[in-house]
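Notes follow the structure.
Protein chains: 2
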Amino acid sequence: MAGDTALGRHKAKACAACHGIDGVAKMPHVPNIAGESTIYLEKQLKAFRSGERHDPMMSIIAEGLSDDDIANVSAWYAAIKIEVTLPE
Amino acid sequence: MAGDTALGRHKAKACAACHGIDGVAKMPHVPNIAGESTIYLEKQLKAFRSGERHDPMMSIIAEGLSDDDIANVSAWYAAIKIEVTLPE
Chain A
25 MAGDTALGRH
35 KAKACAACHG
45 IDGVAKMPHV
55 PNIAGESTIY
65 LEKQLKAFRS
75 GERHDPMMSI
85 IAEGLSDDDI
95 ANVSAWYAAI
105 KIEVTLPE
Chain B
25 MAGDTALGRH
35 KAKACAACHG
45 IDGVAKMPHV
55 PNIAGESTIY
65 LEKQLKAFRS
75 GERHDPMMSI
85 IAEGLSDDDI
95 ANVSAWYAAI
105 KIEVTLPE
């Protein structure tokens, strides 16, 4: 199922304290997730939910997410565009 | 140890086919890693190397990395700046 970005943006309030609503991390141990693909984001959320990947925070958060929630928040963060600038 | 970005850029040739030398993924199942923190990048590389996190490609790649390699490639990718644009 393709996720719904509007529903995902709403659901992403649960992610925003750490990852930002814009996908830019608020603390150094947290990854930026802006512009990651839905394939990657859904896979990681499902890996945290199943226990295949472990993190003290994400394992708890992912437990509460349905497949639809995962598709929607992934669609939201994947819809953010990123541009990069290399160091001089 | 703080990594060396110049050495890291050189070592990152081993990462570039998938992650780009600029940290922008070349294929959808691969994450963008541009601008991730050294804390996050080093933690993930060490998790792949130890087997705590598993991925068919990254588990093999990380096996061949020393602590210095990990510090250096992490320093390189962390030195890339990202800017994000939210969807309309």
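Residue numbers (our numbering), protein chains in the order written: chain A, 25 to 112; chain B, 25 to 112.
Note that beta-carbon positions come from the ideal geometry of N, C-alpha and C, so glycine has one too.
Based on the DSSP secondary-structure assignment, which residues constitute the bridge partners of residue i?
{"i": "residue 106(B)", "result": "108(A)"}
Am I right that residue i and residue j are in contact with their C-beta atoms under 8 Å? What's the rounded C-beta distance?
{"i": "residue 64(A)", "j": "residue 53(B)", "result": "6 Å"}
{"i": "residue 99(B)", "j": "residue 26(B)", "result": "7 Å"}
{"i": "residue 87(B)", "j": "residue 73(B)", "result": "6 Å"}
I need the straight-line Cα distance from residue i to residue j, nearest angstrom please.
{"i": "residue 39(A)", "j": "residue 39(B)", "result": "28 Å"}
{"i": "residue 79(A)", "j": "residue 71(A)", "result": "10 Å"}
{"i": "residue 51(B)", "j": "residue 41(B)", "result": "9 Å"}
{"i": "residue 82(B)", "j": "residue 34(A)", "result": "33 Å"}
{"i": "residue 46(B)", "j": "residue 109(A)", "result": "8 Å"}
{"i": "residue 30(A)", "j": "residue 90(B)", "result": "43 Å"}
{"i": "residue 76(B)", "j": "residue 107(B)", "result": "31 Å"}
{"i": "residue 36(A)", "j": "residue 111(B)", "result": "14 Å"}
{"i": "residue 56(A)", "j": "residue 105(B)", "result": "11 Å"}
{"i": "residue 62(A)", "j": "residue 48(B)", "result": "15 Å"}
{"i": "residue 118(B)", "j": "residue 84(B)", "result": "No information on residue 118(B) is available, as it lies outside the stretch 25 to 112 that chain B covers here."}
{"i": "residue 69(A)", "j": "residue 94(A)", "result": "7 Å"}
{"i": "residue 92(B)", "j": "residue 66(A)", "result": "32 Å"}
{"i": "residue 28(A)", "j": "residue 58(B)", "result": "26 Å"}
Is the beta carbon of residue i within less than 6 Å of some heavy atom of the ligand ZN?
{"i": "residue 67(A)", "result": "Judged by which ligands are present, the structure shown has none, so any question about the ligand ZN falls away."}
Quiz item: Along the segment 48-60 of chain B, what residues have a CB closer than 8 Å to any CB found in chain A?
Solution: The segment 48-60 of chain B vs chain A, Cβ under 8 Å: 48, 49, 52, 53, 54, 55, 56, 58, 59 and 60.
Exercise. Anything in the segment 79-94 of chain A with a Cβ closer than 7 Å to a Cβ of chain B? List those residues in chain order, please.
Key: Contacts with chain B (Cβ-Cβ distance below 7 Å) from the segment 79-94 of chain A involve no residue at all.
Quiz item: For the segment 25-46 of chain A, which residues have a beta carbon sitting closer than 7 Å to at least one beta carbon of chain B?
Solution: Among the residues of the segment 25-46 of chain A, those with a Cβ less than 7 Å away from any Cβ of chain B are 29 and 46, in the order of the chain.
Exercise. Output, in sequence order along the chain, the residues in the segment 99-112 of chain B whose CB is closer than 7 Å to any CB in chain A.
Key: Residues 103, 104, 105, 106, 107, 108, 109, 110 and 111.
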